[in-house]
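A.B. asks:
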Amino acid sequence: MSEIFRILTINPGSTSTKIAIFDNEKPVMETTLRHPAEEINKYEKIFDQYEFRKNVILETLNENGINLTKLSAVVGRGGLLKPIQGGTYKVTDKMLEDLKVGVLGEHASNLGGIIANEIAKQLNIPAFIVDPVVVDEMDDVARISGMPEIERKSIFHALNQKAVARRAAKEMGKSYQEVNIIVAHLGGGISVGAHHMGRVIDVNNALDGEGPFSPERTGGLPVGDLAKMCFSGKYTLDDIKKKIKGKGGLVAYLGTNDGREVVKMIEEGNKEAELVYQAMAYQVAKEIGSCAAVLKGKVDAIVLTGGIAYDKTFVKWIQNRVEFIAPVIIYPGEDEMIALAEGGLRVLRGEEEAKIYE
Ligand SMILES: Nc1ncnc2c1ncn2[C@@H]1O[C@H](COP(=O)(O)OP(=O)(O)O)[C@@H](O)[C@H]1O
Ligand SMILES: CCCC(=O)OP(=O)(O)O
1240 MSEIFRILTI NPGSTSTKIA IFDNEKPVME TTLRHPAEEI NKYEKIFDQY EFRKNVILET
1300 LNENGINLTK LSAVVGRGGL LKPIQGGTYK VTDKMLEDLK VGVLGEHASN LGGIIANEIA
1360 KQLNIPAFIV DPVVVDEMDD VARISGMPEI ERKSIFHALN QKAVARRAAK EMGKSYQEVN
1420 IIVAHLGGGI SVGAHHMGRV IDVNNALDGE GPFSPERTGG LPVGDLAKMC FSGKYTLDDI
1480 KKKIKGKGGL VAYLGTNDGR EVVKMIEEGN KEAELVYQAM AYQVAKEIGS CAAVLKGKVD
1540 AIVLTGGIAY DKTFVKWIQN RVEFIAPVII YPGEDEMIAL AEGGLRVLRG EEEAKIYE
């Protein structure tokens, strides 16, 4: 009989921490711990959330009767490192240093590798990250922003985007390398990627003012007005950064980062909530249209995924605008936890060597 590896996967997102235990590919436990905006926004820096997130993870594992000494490895969602290729990476001191300072910025996923390492270290087992948010496969033409001092960056839900694109290709009876797919991940942040034969050749920077607005981010803004605001004397750089990420989007308009709360507001007759929520769907549809142009109209499928894809009305609003491009497939939630486990398993089984972050 083949060996059974028990893997703990840790996925810190902007609005949640997801954890799961797998025995090989089989899920044994899976849970999502949601973090309301008022709980998460009281921390100045992402690293300040370290103790809070680590403790809720350990408490939840304990409540579920998980014996940590039986683990073979811990795999975390990878954060804002320097741009790298996709794959499974061993957590190293150099990586931890970059995750702690946030070399490419602040996002909850920076804590994935750090917490995975902390738990693994106590147990003397390996810690890995898989397909971090900085996976970069963009075409050079997509890097040009229009201002030479600023280059566009590939920062997105790489782990889930690639996992669901593979799933969609498989369901079409093809390999990921044979298809063109547009994936819209609708989470705390929103990313829309153009997948061309196995590579994400263009995608909005989901973290830093590109693409649609999201539950907690502004997405792209009219830059002239933003520049005036920056120099109005009313705000510090930190204030502006928080307005763009953390306190933007639904949080700014409606005071919540929770799509389900917005649905409730709409059901109670809140017209502003309805308009703002519709605007978010409208912007996602527009971004999908841009990706269709990137792929020269040759699109095999459009995939809508992430937490907000559970909302059938929101999905319908997008679908109505984009179904003329290609068939729309809905995968609510994400395939991130199994993708993390599979990344760890490939290394533990010796099918792949863990990459080293330089
Ligand atoms: N049934 C639902 N209807 C609307 N929004 C939902 C639903 N389920 C989850 N969401 C929303 O999805 C978002 C989180 O998506 P998720 O992919 O889990 O993101 P993250 O990893 O950023 O936490 C939150 O705004 C959450 O409220
Ligand atoms: C950093 C891009 C990925 C992202 O936005 O993730 P969340 O939606 O989990 O915040």
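Using the working numbering, the first residue of the sequence shown is number 1240, and each one after it goes up by one.
Using N, Cα and C, we set each Cβ at its ideal position, and we do this for glycine too.
In this text, all values refer to a predicted model and were calculated from it rather than measured experimentally.
1. Taking 7 Å as the line, does the beta carbon of H1435 fall inside it for any heavy atom of ligand 4?
2. Assuming L1310 and L1247 make a contact with CB atoms under 8 Å, what is their CB distance in whole Å?
3. Quick one: residues in its chain with C-beta nearer than 8 Å to the C-beta of A1604, no 5 flanking neighbours on either side, listed in chain order?
4. Taking the alpha carbon of E1455 as the point to measure from, which residue in G1498, F1286 and K1284 has its own alpha carbon closest?
5. Just how far apart, CA to CA, sit K1360 and A1366?
6. Quick check on the contact list: which residues have their beta carbon closer than 5 Å to a heavy atom of ligand 1?
7. Is H1274 near ligand 2, in the sense that its beta carbon is under 7 Å from a heavy atom of that ligand?
8. Which residue marks the beginning of the alpha helix (DSSP H) containing L1335, and which one marks its end?
9. For G1582, write down the residues that DSSP places opposite it in a beta bridge.
10. Closest by CA to L1362, which one among G1428, V1342 and T1308?
11. Could you pull the start and end residues of the alpha helix (DSSP H) that S1498 belongs to?
12. Comparing C-alpha positions only, which one of T1475, V1567 and Y1328 sits nearest to E1591?
13. Measuring CB to CB, does G1598 end up less than 8 Å from V1314?
14. Below 8 Å between beta carbons: does that hold for L1493 and M1504?
15. Give me the Cα-Cα distance between M1377 and I1383, rounded to the nearest whole angstrom.
16. Spell out a yes or no on whether the stretch 1423–1431 and the stretch 1525–1541 are touching, meaning 3 or more CB-CB pairs, one atom from each, closer than 8 Å.
17. Measuring alpha carbon to alpha carbon, tell me which of V1403, G1426 and L1425 ends up nearest N1419.
18. Please go through the same chain and pick out, in chain order, the residues whose beta-carbon is closer than 7 Å to the beta-carbon of N1280, but skip the five residues on each side of it.
19. I'd like the ranges of any beta strand (DSSP E) spanning at least 3 consecutive residues and lying wholly in the stretch 1538–1566.
20. If you count every other CB in all the chains shown that lies within 10 Å of the CB of L1534, and 16 or more means buried, which is it?
21. Taking only three categories from DSSP, how would you classify G1437?
22. Just list the residues that DSSP pairs E1269 with in beta bridges.
23. Rounded to whole angstroms, what is the Cα-Cα separation between A1565 and N1559?
24. Among F1261, G1426, A1540 and A1355, which residue has its Cα nearest to the Cα of D1332?
25. Does N1250 come out as helix, strand or coil in the three-state DSSP assignment?
26. Report, in whole angstroms, the separation of the C-beta atoms of L1272 and T1254, which I expect to be a contact under 8 Å.
27. Hey, is I1394 close to ligand 2, as in C-beta under 7 Å from one of its heavy atoms?
28. Mapping DSSP to helix, strand and coil, what is T1308?
29. According to DSSP, is F1291 helix, strand or coil?
30. Mind checking L1446: buried by the 16 CB within 10 Å criterion, or exposed?
31. Please report the distance separating the alpha-carbon of I1479 from that of G1412.
32. Measure the C-alpha to C-alpha separation of E1302 and F1470 and round it to an integer number of angstroms.
33. How about E1345 and K1284: are their beta carbons less than 8 Å apart?
34. Less than 8 Å separating the beta-carbons of M1519 and P1451?
35. Can you tell me which residues form a DSSP beta bridge with N1419?
36. Quick check on M1334: buried or exposed, where buried means 16 or more other Cβ atoms within 10 Å of its Cβ?
C.D. replies: Reading off the structure:
1. The model depicted lacks ligand 4 and carries ligand 1 and ligand 2 instead.
2. 5 Å
3. Residue 1604 lies beyond the stretch modelled for the chain, which goes from 1240 to 1597, so this question has no answer here.
4. G1498
5. 8 Å
6. G1252, S1253, T1254, S1255, G1426, G1427, P1454, D1497, G1498, R1499, G1545, G1546, I1547, Y1549 and D1550
7. no
8. D1332 to V1340
9. Note: G1582 sits in no beta bridge, so no partner.
10. T1308
11. Correcting the residue type first, residue 1498 is Gly in the shown sequence and not Ser. Looking at the DSSP string, the run of the alpha helix (DSSP H) that includes G1498 is G1498 to E1506.
12. Y1328
13. Absent from the structure is residue 1598, since the part of the chain shown begins at 1240 and ends at 1597.
14. yes
15. 11 Å
16. yes
17. V1403
18. G1485 and K1486
19. 1540–1545
20. buried
21. coil
22. A1259
23. 12 Å
24. A1355
25. strand
26. About 10 Å separates the two Cβ atoms, so there is no contact after all.
27. yes
28. helix
29. helix
30. buried
31. 47 Å
32. 50 Å
33. yes
34. yes
35. H1435
36. buried
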